Amino acid sequence: MKVGLFGANGRMGRVLIEALDLSDDAELSVATVRDDSPWVGLNVGELAGIGKKEIDCSALSSLSGSDADVMIDFTLPSVIESNLSWCVENTMPVVIGTTGLNDEQLAALDEAAKHIPIVFAANYSVGVNLMLSLVRQAASVLGETADIEITEAHHRFKQDAPSGTAMAIGEAIADELGRDLKTCAVYGREGKEPERDQGTIGFATVRAGDIVGEHTALFADIGERLEITHKASSRLTFAKGAVHAAKWLYGKQPGLYSMVDVLNLKL
């Protein structure tokens, strides 16, 4: 199967090049960068640090619908709508790992999914998606009495906060408890505040160094607490998950899918 990349020069783009190089049944067929990027024409293997390969980075404007069977997009929210438009125009399935999307961009995602199959996930790690199932179980038992806090840590370059994965964890917990995360989330505490409202879900964010990704869901009651934690040590974990999703997506009907569908998890 031929897999194409949007944003090949990004942090995840480079790791996706490596993941596709390691795959036995999917191959990188095209790797795009912005038209004005200095990376246009650079060999993808040299870009990813894995030795010279047969493909060079190409300008986004030269991308053709015959270049790939599935595209993968781990770029930026600012270009997600134009990338989706191209995929719809070319009836191209796409795996999207871009986080930090606003309501308008999420609406564009929903609209595109009426025409093409899309896998959209905040995190493509198998462990994180299993964690989403585990936090639901914990919430169903402890959620009415425990205080719930979500902490996450990432590298200094990550722009959105809290992370998309932290928000997905919060959404899973809130959904299990019949709450609206938009009204019950607390994103920061400072100074003297009233006693904690047990119905809230708190978020705390760390940005430092080269932390790949750490997430913890804390359920704290009087006398005991439960912590469910996932730590990623390599972005290759996410890239391999995205490649797996691309292979799963090929041939599917239009619709918006998640890693729950890809991994056949029961939430």
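Residue 6 is where the sequence shown starts when you use the numbering used here, and the numbers rise one by one after that. Glycine included, every Cβ here is placed at the ideal spot set by N, Cα and C. Predicted model, so just to flag it, every value in this text is computed and none were measured.
Keeping to the same chain, check which residues put their C-beta closer than 6 Å to that of residue 88; ignore five residues upstream and five downstream.
11, 78
Taking the CB atoms as reference points, tell me whether residue 254 and residue 75 lie closer together than 7 Å.
yes
When burial is assigned at 16 or more other CB atoms within 10 Å of the CB, is residue 162 buried or exposed?
exposed
In its own chain, which residues sit with a C-beta less than 7 Å from the C-beta of residue 268, not counting the 5 before and 5 after it?
131, 134
Assign residue 201 to one of two classes, buried (16 or more other C-beta atoms within 10 Å of its C-beta) or exposed (fewer than that).
exposed
C-beta atoms of residue 210 and residue 176 nearer than 7 Å:
no
Are residue 259 and residue 159 touching if we call contact CB-CB under 7 Å?
no
Where residue 71 sits in the DSSP three-state scheme
coil
So, residue 58 versus residue 34, is the Cβ gap smaller than 7 Å?
no
Does the separation of the CB atoms of residue 190 and residue 206 fall below 7 Å?
yes
Please state whether the Cβ-Cβ distance between residue 82 and residue 65 is less than 7 Å.
no
Any idea what DSSP makes of residue 263, helix, strand or coil?
coil
Would you give the residue range spanned by the alpha helix (DSSP H) that residue 148 belongs to?
Unbroken run through residue 148: none, as it is neither H nor E.
Buried or exposed by the 16-neighbour rule on C-beta atoms within 10 Å, applied to residue 199:
exposed
Can you find the residues in the same chain that come closer than 8 Å, C-beta to C-beta, to residue 19, ignoring five residues on each side of it along the sequence?
13, 52, 53, 54
Exposed or buried, residue 197, counting other C-beta atoms within 10 Å across all chains shown (16 or more means buried)?
exposed
Inter-residue spacing [alpha-carbon to alpha-carbon] between residue 126 and residue 167
15 Å
Where residue 76 sits in the DSSP three-state scheme:
strand
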